[in-house]
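S.K.: Its first residue numbered 7, the sequence shown is counted upward by one per residue in our numbering. Glycine included, each C-beta is placed from N, C-alpha and C at the ideal position. These figures come from a predicted structure and were not determined experimentally.
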Amino acid sequence: MVLSTGTNKIITAVFISGTGSNLKSLIKFSKFKKSPISIKLIITNNKLAKGLKYGKIFKIKKKIINFKNKEIAEKKIINELKRNKIELICLAGFMKIFSKNFIKNFKGKILNIHPSLLPKYKGLNTHQRAIENKDKYSGCTVHFVNSKLDSGKIILQKKVKILKKDTPDSLSKRILTQEHKLYPKAILKVFNL
Ligand code: GRF
């Protein structure tokens, strides 16, 4: 992806469904001079998402989208993205899957973070599956989003050792700490920085 010329940063929307710890780390990253992104919009499908508080704290516009009807939801999102001149979408714990058509509209402009070493463990319960399979390592992946779940081109990965005493919860916490570092690094890589 090419960074647009001039001093303007890439106008970015972050999509969340829950705690928003990755959102928080992306917001902090966006404040650095060397960061290519500026976060202008937070979108969620969950009006109770804890991460929405970061909208208030950092004065970023929030939009709650009801996903009962996916087609209508996606139309609303597209309007919102256009209205806010969004150039990059970062999914960060967003628990809805977009239609092929939506993804086509933003081809190469949607990133996601996933808590496993893809292509291993696409989908949910990644930590439990890695522990049950007695894997030595798990980790996290930032990838481009394409029309197949968790299958787009990998940008960066970070390995995390699985300890004997690990539960899905303890492993998830250690991986999450790495996610917070990996997502900003992956964004720098996307923009060749
Ligand atoms: C992260 O583990 C992310 O990889 C996954 O969902 C979790 C979201 O955590 N897609 P948070 O809301 O960013 O704290």
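Restricting to Cα atoms, I'd like to know which of L155, G145, I17 is closest to I168.
M.R.: The residue given as residue 168 occupies position 162 in the sequence shown. Nearest of L155, G145, I17 to I168, Cα basis: G145.
S.K.: Does the contact criterion of 3 or more C-beta pairs under 8 Å hold for the stretch 14-31 versus the stretch 96-103?
M.R.: Counting Cβ pairs under 8 Å, three or more are found: they touch.
S.K.: Suppose you measure from the CA of K117 to the CA of S176; what does that come to, to the nearest Å?
M.R.: In the sequence shown, counting from the first residue as 1, residue 117 sits at position 111. In the sequence shown, counting from the first residue as 1, residue 176 sits at position 170. It is Leu, not Lys, that sits at residue 117 in the sequence shown. Straight-line Cα distance between these residues: approximately 26 Å.
S.K.: Is it buried or exposed for I49, if we count other Cβ within 10 angstroms and need 16 for buried?
M.R.: Locating residue 49 in the sequence shown gives position 43, counting from the first residue. Buried, by the Cβ-count rule.
S.K.: Need the endpoints of the beta strand (DSSP E) that S44 sits in, please.
M.R.: On the sequence shown, residue 44 is found 38 positions in, with the first residue counted as 1. Where S44 is concerned, the enclosing beta strand (DSSP E) stretches over 43-50.
S.K.: Are the CB atoms of E185 and I109 nearer to each other than 8 Å?
M.R.: By 1-based counting over the sequence shown, the position of residue 185 is 179. By 1-based counting over the sequence shown, the position of residue 109 is 103. Their beta carbons are not under 8 Å apart, which means E185 does not touch I109 by this criterion.
S.K.: Answer yes or no: the CB of S27 versus the heavy atoms of the ligand GRF, is any distance below 7 Å?
M.R.: Position 21 of the sequence shown holds residue 27. The answer is yes for S27.
S.K.: Could you have a look at Y143 and say whether DSSP puts it in helix, strand or coil?
M.R.: The residue given as residue 143 occupies position 137 in the sequence shown. Strand at Y143.
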